[in-house]
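Below is one structure, written out as structure tokens, with a few remarks after it.
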Amino acid sequence: MRRQYPFDLIEAKWRRFWQEQETFRAWNPGEIIPGDHPFARRHGLAGEASADRLPRKFYILDMFPYPSGAGLHVGHPEGYTATDILARYRRACGCNVLHPMGWDAFGLPAEQYAIRTGQHPGRTTEANISVFKRQIQSLGFSYDWSREIDTTDAHYFKWTQWIFLQLYNSWFNPATGKAEPIDSLPTPGEGAVAPEALRQYRDSRRLAYVSDAPVWWCEELGTVLANEEVIDGRSDVGGFPVVRRPMRQWMLRITAYAERLLKGLEKIDWSESLKEMQRNWIGRSEGAEVVFPLAESKEAIMVFTTRPDTLFGATYMVLSPEHKLVDSITTDGQRAAVCAYKTEVARKSDLERTELAREKTGVFTGAYAVNPVNAEKIPVWIADYVLASYGTGAIMAVPAHDSRDLEFARKFALPVRLVVQAPDGRESTGFLGDGVSVNSGFLSGLPTPEAKERITGWLERMGAGRRTVNYKLRDWLFSRQRYWGEPFPILWKRDPDGNLYHEALPESALPVLPPALEDYKPTRDGQPPLARATDWVNLPDGSTRETNTMPQWAGSCWYYLRFTGRRDDSRFCRADAEGYWMGSSPGGAGVRPGVDLYVGGIEHAVLHLLYSRFWHNVLFDLGYVSTPEPFFKLVNQGLILGEDGQKMSKSRGNVVNPDEILREYGADAFRLYEMFMGPLEMVKPWNTKGVEGVYRFLGRVWRLFVDEQSETDFEQAQTASGQDNPEALGRIKLSASIRDTPATPAQLKTLHACIKKVTEDLEALRFNTAISALMIFINEAIAWDDKPAAVLRDFLLLLQPLAPHLAEELYAKLRGPDATDGTMAYEPWPKYDPALLVEKTIEMPVQVNGKLRDKIVVAAGASAKAIEAAALGAEKIPPLLEGKTVKKVIVVPGRLVNIVV
RNA sequence: GCCGGAGUGGCGAAAUGGCAGACGCACAGGACUUAAAAUCCUGGGUCCGUAACAGGACGUGCGGGUUCGAGUCCCGCCUCCGGCACCA
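Okay, structure coming up:
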């Protein structure tokens, strides 16, 4: 295929220009803006600008990538192109745009590579970053590179460690619903408390705490994982089996924020599906805790239920096999069976345990509990369908109205008692919804919601239970047994009695750098690799360093805050910069709280997006940030599939490398195609033929502007010299058909229809239809004999966000050699004039009984009556009405006429 | 099972309740060319029909409904994609 236009020279030229001129540098309040910067010229803002003088801010953020060794694939630039178009559009609209990029570089692949090669992961990370950066820059994105971040850079992770210290030094005060300094935690009881007891009490309340509870251990990866990283009993990364195992680990108390994380969703502009995923993960359910005393002992079983109204229907109870009461309540007669069952359950993997099709299993403990509502003695079983990790690890079983309990009751011949009548009056076992209580003593006759109220009140008065809310969300397991992550700023010490305790390092000790290691390999027993660096671990005073590292998510929890400034070793971010860019300080009307637009993949729905909201809430409570939510509007770009419609993967061999596309068609065509494929949020297959389509469009734009002869001369000179000479681009002349002539009404209409459509589509992120509007303009304009320069100039302004290199080159030609400004990036966005779009005459379809039969042409302002008359008189209409009576004529002026017979 | 999202030509797709298929790909025909590529022009949902032009019927996953009028709204299904799942 013949080259459509010299995109390689044009694109290289403008990328260099933007870089050298710092065209896309974003300006913070208080910074000195050079007078010759196009931003200063546009806004008349040379010199120092305070926040209230700067224009309205717009913060457009991409989820920063993990720089893998494989380089960029075509999925990365999809979101980046969308955000770049918006960033350029907002600049043209007059906003101060923050559009940064960085590297989320701690993580497993670099470490695994280090294990194989013995090379320090920092070196591979550096190499990968430079590949990613070159690829990303080759697409002409308007990032402010002066704010680049690398999470593995000590200047950055110093502040990740610092935020950990803030978590460590805080507790969640339920009375205020906020995080507060740990020093403010009231001491328990009266009078003086022993230092040892006080320390333990505080440690049990910190937002970062140590726990010995069972955690997910992945032997293959040699580390523990968070709930969010385990999918169907396997690791999210690599798909290796994980097992439950008690280990001493650092946890973050995200559960304290469950309600806030839920509530916060109401105020932000995210897709309903994404919000729903977070809601499901948090898993709030309202219900009651009910206490069932045991018949033969002083102990009692606490259960959680969302259906306290069915208490009269509880015919047995079930403890999870791990429940702490199991051993003490089991009778001698049942002990052998219970032990055997527990052993069997412990042997099973979690995958097997949660196997859905599995038949229910369980064993009777021999014990009986007393139903508080009717003093009935009901048997206590253990079964693995009750999970230790949810609620209280015990349930009251109401087989008539719970499908799992029913299955279990049928298998073990336990009684089933109906206590809810369906709204249609039927009484049926297995009815799960709301109805009316029956066979339920003082609840009988009450609709379910009222019955719930009544019984909960009764339980509270009797001291047998209380209203409560339960969450599926678990605390965040925050430590990993890996090398390539942030070390914890924590020391372990022993008190005079020999008890081990932890202590935070002071801020002055940050950053805590990881030690040099020969061997990065994780261990099979969970001993972190850092423990091998004995010189690093052991301090002269006898204390030892924490050897776990933070998970990959730590660095990405707050990077968007770091972007609000440039490198600053004295604080995690400046309050004035944070206030301006996160939108809490003056910056014009309509400023949104948080990042204005955040674009990234859906895969982080319950990982990064939940974790960073949690950190942000804590930082907000502690007064370090000014908004409660980090990301105001969030959009997930859809996956790009291979040409075969399958997910791109190395093994399928359907991966498309952007470098090849760029070489063949250039960055502008690549950007345009990624956006033209379809709506941003949809899943869509790649088709390289489609790139040719938009490439041809750019060729048409080029040929519309340039003089054919001068371009032919240019091409021949290039071929003759055998090398690409960027200077020669200047010899290509504008087409003689472009003149400073006034535009005809038809030309203006074409232009303003295009302005309207592109403006509306960019506002709504409909890039595919914005591009088709540009195509329609070119298809018409290419036929014009005289091309008014002013019209084409506005067209280039519309093209600039989407295909910036070509637009800049043609704009420079149009402006002529005397023009002073080097870039069009800050030229004001064109406005459309609705008056120019008004038609003098309108063609309207005429339907008979809803079927299109004819068309009429009427004056734009024609009355309904006149339109009706014209429709009835239209050529093809009278024959169709013959012998029939017209019942009604619907006239929608400007739209259509429908004659009903 | 539950919660989201989607289903429109050969393909990617477009359509404030108002002419279904804009724009693009692929395809076919033509112009230019010694030829090809590139470019430019033309065509196109399906079926019936005609020498041709006309003309007609059907058509947005399926079945109903509301409406003068439904791809769009409502009810009931089917299929695909994503997420959650013995969560009491």
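Taken in order, the first sequence gives residues -3 to 897; the numbers are from this note's numbering.
Even for Gly, the Cβ is constructed at its ideal location relative to N, Cα and C.
>> If the criterion is Cβ atoms closer than 8 Å, does the pair residue 848 and residue 826 meet it?
In response: The residue given as residue 848 occupies position 852 in the first sequence. The residue given as residue 826 occupies position 830 in the first sequence. No Cβ-Cβ contact shorter than 8 Å links residue 848 with residue 826.
>> If you follow the beta strand (DSSP E) that residue 645 is in, where does it begin and where does it stop?
In response: On the first sequence, residue 645 is found 649 positions in, with the first residue counted as 1. It is not in any beta strand (DSSP E) - residue 645 carries neither H nor E in the DSSP assignment.
> If we ignore side chains and look at the alpha-carbon of each, how far apart do residue 857 and residue 893 end up?
Replying inline: On the first sequence, residue 857 is found 861 positions in, with the first residue counted as 1. On the first sequence, residue 893 is found 897 positions in, with the first residue counted as 1. Take the alpha-carbon of residue 857 and the one of residue 893: they are about 15 Å apart.
> Should residue 28 and residue 43 be called a contact, given that it needs their Cβ atoms to be closer than 8 Å?
Replying inline: Looking up residue 28 in the first sequence gives position 32. Looking up residue 43 in the first sequence gives position 47. Contact flag set, yes.
> Thinking C-alpha only, which one of 741, 860, 790 and 770 is nearest residue 953?
Replying inline: This structure does not reach residue 953, given that the chain is present from -3 up to 897, and the question cannot be answered.
> Alpha carbon to alpha carbon, how far is residue 313 from residue 457?
Replying inline: By one-based count along the first sequence, residue 313 stands at place 317. By one-based count along the first sequence, residue 457 stands at place 461. So the two alpha carbons sit approximately 23 Å from each other.
> Do residue 322 and residue 334 have their C-beta atoms within less than 8 Å of each other?
Replying inline: Numbered from 1 along the first sequence, position 326 holds the residue referred to as residue 322. Numbered from 1 along the first sequence, position 338 holds the residue referred to as residue 334. Closer than 8 Å, so yes.
> Which of helix, strand or coil does DSSP assign to residue 139?
Replying inline: One-based indexing of the first sequence puts residue 139 at position 143. Coil.
> Can you tell me whether residue 591 is buried or exposed, with buried defined as 16 or more other CB within 10 angstroms of its CB?
Replying inline: The residue given as residue 591 occupies position 595 in the first sequence. Per the 10 Å Cβ criterion, buried.
> Alpha carbon to alpha carbon, how far is residue 193 from residue 331?
Replying inline: Locating residue 193 in the first sequence gives position 197, counting from the first residue. Locating residue 331 in the first sequence gives position 335, counting from the first residue. Going from the Cα of residue 193 to the Cα of residue 331 covers about 38 Å.
> Opposite residue 534 in the DSSP bridges: which residues?
Replying inline: Start at 1 with the first residue of the first sequence, and residue 534 comes out as number 538. Answer is 540.
> So, helix, strand or coil for residue 397, using DSSP?
Replying inline: To locate residue 397, count along the first sequence from 1; it is residue 401. Judged by DSSP in its simplified three-state form, residue 397 adopts helix.
>> If contact is defined by three or more beta carbon pairs under 8 Å, each pair taking one atom from either stretch, is the stretch 239 to 255 in contact with the stretch 264 to 271?
In response: No, the stretch 264 to 271 is not in contact with the stretch 239 to 255.
>> Here's the rule I'm using: 16 or more other beta-carbon atoms within 10 Å means buried, otherwise exposed. How should residue 884 be labelled?
In response: As a working mapping, residue 884 is identified with position 888 in the first sequence. It counts as exposed.
> Closest by CA to residue 791, which one among 762, 760, 812 and 823?
Replying inline: Position 795 of the first sequence, counting from 1, holds the residue named residue 791. Nearest to residue 791 by C-alpha distance, out of 762, 760, 812 and 823, is 823.
>> Tell me which residues share the same chain as residue 496 and place their Cβ nearer than 8 Å to its Cβ, disregarding the 5 neighbours each side in the sequence.
In response: Counting from 1 along the first sequence, the entry for residue 496 is found at position 500. 488, 489 and 490.
> Which runs of the alpha helix (DSSP H), 4 residues or longer, sit entirely within the stretch 730 to 763?
Replying inline: Fully enclosed alpha helix (DSSP H) runs of 4 or longer: 741 to 759.
> Which ranges does the beta strand (DSSP E) cover as unbroken runs of at least 3 residues, wholly within the stretch 494 to 575, from first to last along the chain?
Replying inline: Those beta strand (DSSP E) runs which fall completely within the stretch 494 to 575 and span 3+ residues are 496 to 500.
> Which class does residue 13 belong to by DSSP, given the choice of helix, strand or coil?
Replying inline: Mapped onto the first sequence, residue 13 falls at position 17. It is helical.
>> Within 10 Å of its beta-carbon, does residue 812 have 16 or more other beta-carbons around it, so buried, or fewer, so exposed?
In response: Start at 1 with the first residue of the first sequence, and residue 812 comes out as number 816. Residue 812 is exposed by the Cβ-count criterion.
> Nearest to residue 252 by alpha carbon, out of 721, 511, 773 and 611?
Replying inline: Residue numbering aside, residue 252 sits at position 256 when the first sequence is read from its first letter. Nearest in C-alpha terms to residue 252, of all of 721, 511, 773 and 611, is 611.
> On the premise that residue 862 lies in contact with residue 854, defined as a C-beta separation below 8 Å, what is that separation, rounded to the nearest angstrom?
Replying inline: Taking the first sequence and counting its residues from 1, one reaches residue 854 at position 858. Taking the first sequence and counting its residues from 1, one reaches residue 862 at position 866. So it is a contact: roughly 7 Å between Cβ atoms.
>> With distance defined between alpha-carbon atoms, name the residue in 35, 205, 233 and 12 nearest to residue 137.
In response: Reading the first sequence from its first residue, position 141 is the one you call residue 137. Measuring from the Cα of residue 137, the nearest candidate turns out to be 12.
> When burial is assigned at 16 or more other CB atoms within 10 Å of the CB, is residue 512 buried or exposed?
Replying inline: As a working note, residue 512 is residue 516 in the first sequence. For residue 512, the number of other beta carbons within 10 angstroms of its own is below 16, and it is reported as exposed.
> Is it true that the stretch 417 to 426 meets the stretch 293 to 308, where meeting means three or more beta-carbon pairs spaced less than 8 Å apart?
Replying inline: These segments do not touch.
> Who are the Cβ neighbours of residue 163 in its own chain at under 7 Å, not counting the five residues just before and after it?
Replying inline: Counted from its first residue, the first sequence places residue 163 at position 167. Excluding sequence positions up to five before and after residue 163, its CB lies within less than 7 Å of the CB of 203, 204, 248 and 614, all in the same chain and listed in chain order.
> Considering only residues of the same chain and omitting the five flanking positions on each side of residue 230, which have a CB-CB separation below 7 Å?
Replying inline: Counting from 1 along the first sequence, the entry for residue 230 is found at position 234. Counting only Cβ-Cβ distances below 7 Å, and skipping sequence neighbours, we find 236, 237 and 238.
> For the beta strand (DSSP E) that residue 176 lies in, which residues bound it at each end?
Replying inline: In the first sequence, residue 176 corresponds to position 180, counting from 1. Here the beta strand (DSSP E) through residue 176 covers 174 to 177.
> Terminal residues of the continuous beta strand (DSSP E) containing residue 364?
Replying inline: Here the question's residue 364 lines up with position 368 in the first sequence. In this chain, the beta strand (DSSP E) harbouring residue 364 covers 359 to 366.
> Among residues of its own chain, excluding the 5 on either side of residue 785, which ones have a beta-carbon nearer than 7 Å to its beta-carbon?
Replying inline: On the first sequence, residue 785 is found 789 positions in, with the first residue counted as 1. Closer than 7 Å at Cβ, skipping near neighbours: 734, 735, 736 and 810.
>> According to DSSP, simplified to helix, strand and coil, what is residue 207?
In response: Stepping through the first sequence from its first residue, residue 207 is reached at position 211. Looking at residue 207 - three-state DSSP - the assignment turns out to be strand.
> From residue 803 to residue 796, what distance separates their C-alpha atoms?
Replying inline: For the purposes of this step, residue 803 is taken as residue 807 along the first sequence, with counting starting at 1. For the purposes of this step, residue 796 is taken as residue 800 along the first sequence, with counting starting at 1. Between the alpha carbons of residue 803 and residue 796 lies a gap of roughly 5 Å.
> Are the stretch 658 to 671 and the stretch 688 to 697 touching, with three or more C-beta to C-beta distances below 8 Å?
Replying inline: Here the stretch 658 to 671 lies against the stretch 688 to 697, with 3 or more beta-carbon pairs under 8 Å apart.
> Which residues mark the beginning and the end of the alpha helix (DSSP H) in which residue 124 is found?
Replying inline: As a working note, residue 124 is residue 128 in the first sequence. Residues 117 to 133.
> How would you call residue 646, buried or exposed, if buried means at least 16 neighbouring beta carbons within 10 angstroms?
Replying inline: In the first sequence, the residue the question calls residue 646 occupies position 650. Here residue 646 is exposed: its Cβ has fewer than 16 other Cβ atoms, across all protein chains shown, within 10 Å.
> Near residue 724, what residues of its chain come up, given a Cβ to Cβ distance below 7 Å and the 5 sequence neighbours on each side ignored?
Replying inline: As a first step, residue 724 is located in the first sequence; it is residue number 728 there, counting from the start. Excluding residues within five positions, the ones whose Cβ falls inside 7 Å are 710, 713 and 714.
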